[in-house]
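Taking it in order: structure first as structure tokens, then the write-up.
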Amino acid sequence: MGESRSDQRRSDQGREPGEGSAEAGVTTGALARRLGVSPTTLRSWDRRYGMGPAVRSGGRHRRWTPQDVAMLEEMCRLTSAGVPPAEAARAAKGWSDPLTPGTGAAADEPVSLARAAGAEPLGDPRQECKGLARAAVRLDAPSVDDQLTSLVERHGVVVGWEEVMVPALHAVGRKWETAGDRYVEVEHLLSWHISRVLHRASGPVGPGAPATGAGPIVLACVPGEQHCLPLEALHAGLVERGLPTRMFGPAVPPEALTAAVRRLGPVAVVLWSQTRSTADRPLARHIAATTWGVKGARGRPAVLLGGPGWAGRPEPDMLRPAGLREALTALTSLADG
């Protein structure tokens, strides 16, 4: 049945601002929210690179068609990957293929000496971080995953984690703190994809250490600690170095952790604590004193305290590395005996 004019008016009144038919297009504000950029950025791209709507209606209000939206989504994807805006605009409009990030000939984007020498440098970590954060704000999961995967494949876990992943998480966290709860979903999406890429970088779990070698490295969060993403980065870095590990993840009960240490005879145990409220020092001392093996030849693990929760008074005979790189160096040394 046909729709009456009154029904049509009610339908129009129920729409969100900026919505409409495909022919009418969306407003600049609605498109900016969808892409995760500001309306000022869209106007700047129009002025500088001709990235405006193909059809302009009368008056001051712009309407963006589905074709316009697709073009700008491609522009955002390319700039997030590090392609200079001018090159990204040409590619998004189908004028040329995008240049590989960092190899553009624009006068304001010089090629680094390291790249000219044939190395594989990270380039500008700030640009990589911005691109990742922008893709996360747009909730562009494919772009986030692609950027993270490429980052780890090209530069390894340590560089990817310290120079891009952590700064991007901090940037999203600051945005969340200043905007109430508006960006919680952004942080969750970014964290999940980082975890996913770290798991892929770790690869399949091998058979473990040889019978004559040192035991594996045990990684666990202390009871009550659910924040285990840095521990996942450490696990990925250890596997990248070919070291045997046993990852137990968040909130491991003391009895279960003690039993695992006695069964495995690990060369080291890493205990992660994100906050002081979860840093269980008696548990750390208990694990450090846990022994295994026959009488007269008993072994005990080295204990590494990871995370900001352990700040303050040091624990005797326990290591407290300052970051991922230092933790990997210490654990590699222990594993090598």
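Heads up: the sequence shown begins at 1 in the UniProt record's numbering, then just goes up one per residue. C-beta: ideal position from N, C-alpha, C; glycine also. Predicted model, so just to flag it, every value in this text is computed and none were measured.
Identity of the residue in the options nearest residue i by Cα
i, options, result
"Ala279", "Met71, Leu72, Pro314 and Gly299", "Pro314"
"Val270", "Arg33, Glu73, Gly337 and Gly249", "Gly249"
"Pro282", "Gly296, Val303 and Ala297", "Val303"
"Ala236", "Ala141, Val157 and Leu132", "Val157"
"Gly224", "Ser191, Trp272, Ile217 and Leu190", "Trp272"
"Pro230", "Leu257, Ile194 and Thr258", "Ile194"
"Gly307", "His286, Ser277 and Trp292", "Ser277"
"His170", "Leu132, Ser38, Pro266 and Ala335", "Leu132"
"Ser80", "Ser44, Gln127, Gln67 and Trp161", "Gln127"
"Asp336", "Arg154, Pro266, Trp64 and Val83", "Pro266"
"Arg134", "Ala32, Ala54 and Arg47", "Ala32"
"Arg285", "Pro216, Pro316 and Gly215", "Pro316"
"Tyr183", "Thr28, Ala88 and Gly36", "Gly36"
"Met51", "Pro167, Pro254 and Asp68", "Asp68"
"Ala54", "Leu264, Thr65, Arg47 and Ser44", "Thr65"
"Trp310", "Pro216, Glu326 and Thr275", "Thr275"
"Val166", "Lys130, Glu153 and Ala201", "Lys130"
Local conformation of residue i per DSSP, three classes
i, result
"Val83", "coil"
"Ala70", "helix"
"Gly173", "helix"
"Val294", "coil"
"Leu189", "helix"
"Glu163", "helix"
"Val252", "coil"
"Val184", "helix"
"Val157", "helix"
"Gly29", "helix"
"Gly299", "strand"
"Gly118", "In this prediction, Gly118 scores a pLDDT of 29, lower than 50, which makes its location untrustworthy; the coordinate-derived value is nonetheless stated afterwards. Coil at Gly118, not helix or strand."
Rounded C-alpha distance that separates residue i from residue j
i, j, result
"Asp108", "Val197", "Residue confidence for Asp108 is low, a pLDDT of 32 falling below 50, so the modelled location carries little weight; the figure read from the coordinates is stated next. The straight-line gap from Cα to Cα measures roughly 32 Å."
"Ala233", "Val222", "17 Å"
"Thr290", "Met318", "14 Å"
"Leu219", "Arg241", "16 Å"
"Cys76", "Ala268", "45 Å"
"Thr332", "Val186", "35 Å"
"Arg138", "Ala259", "45 Å"
"Leu190", "Asp146", "12 Å"
"Ala136", "Lys295", "55 Å"
"Arg174", "Tyr49", "31 Å"
"Leu324", "Gln226", "19 Å"
"Leu238", "Ser38", "41 Å"
"Lys93", "Leu148", "26 Å"
"Ser143", "Met71", "15 Å"
"Ala30", "Val83", "25 Å"
"Leu334", "Asp124", "34 Å"
"Val26", "Leu257", "56 Å"
"Pro321", "His155", "22 Å"
"Arg63", "Trp192", "35 Å"
"Asp140", "Val164", "17 Å"
Residue i - containing beta strand (DSSP E), residue span
i, result
"Arg246", "Thr245 to Gly249"
"Val222", "That residue, Val222, is in no beta strand (DSSP E); it is neither H nor E in DSSP."
"Gly306", "Ala302 to Gly306"
Segment limits, alpha helix (DSSP H) that includes residue i
i, result
"Ala268", "Ala268 -> not in any alpha helix (DSSP H); beta strand (DSSP E) instead, spanning Ala268 to Trp272."
"Gly237", "Leu229 to Glu240"
"Glu128", "Pro125 to Val137"
"Ser333", "Leu324 to Asp336"
"Asp46", "Pro39 to Tyr49"
"Ala288", "Arg281 to Ala289"
Interface flag, residue i vs chain C, CB-CB below 7 Å
i, result
"Gln127", "In the displayed structure, chain C is absent; only one protein chain is listed."
Closer than 6 Å: residue i CB and nearest the ligand SAM heavy atom
i, result
"Gly307", "Ligands are entirely absent from the displayed structure, and the ligand SAM is therefore not among its contents."
Query raised in the report: Are three or more beta carbon pairs between the segment 240-248 and the segment 296-312 nearer than 8 Å?
Result: no
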